[in-house]
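One structure is given here, and the rest of the page talks about it.
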Amino acid sequence: MLLNEAQIEAKLADAARRGAFDDLPGAGRPLELDDDRAVPEELRMAYRVLKNAGYVPEAVRIRGEIASAEALLQAADDEASRQHAARLLLDRLNQSGEGRAMVSESGYFRQLCERMDGSAR
């Protein structure tokens with residue numbers, strides 16, 4: 001027997017009134033959903049399958065590496081550490097077209113230099 005949306009909603013509401021959902025793991029906490037709004041609807045299923053298989057697109061991997069390098073740069077407490085983190089960050093930026101655009105078009109490199117030594121280059 002197939003149920004329509006109204007019947008499903010009624011069954012869920014009845015179960016909620018009986019307390020069937022009260023002791024579920026994570027009750028009272030927000031759901032942790034992947035934000036895939038930027039992915040075209042017709043590609044979402046394919047991306048989900050690839051993600052579940054452990055595949056990470058190159059652009060996503062590089063963005064993660066950029067974020068890690070930025071965190072290292074912010075946490076650096078001496079000049080040698082700052083220089084090392086800045087080199088890592090620039091290497092990661094140069095590996096992707098998106099990163100190269102950030103360096104050349106958005107002033108990101110200038111901002112990075114300012115954060116490193118307090119003066120624009």
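Number 67 in my numbering belongs to position 67 of the sequence shown; there are no gaps in the numbering.
Every residue gets a Cβ at the ideal spot worked out from N, C-alpha and C, and that includes glycine.
When DSSP states are grouped into helix, strand and coil, Leu-12 belongs to the helix group.
For Asp-36, the CB contacts under 6 angstroms within the same chain, skipping 5 residues up- and downstream, are Arg-44 in chain order. In this structure, DSSP gives Arg-29 a state outside helix and strand, which the three-state scheme calls coil. For Ala-46, the uninterrupted alpha helix (DSSP H) run begins and ends at 44 to 52, by DSSP. In the three-state reduction of the DSSP assignment, Gly-19 falls in the coil class.
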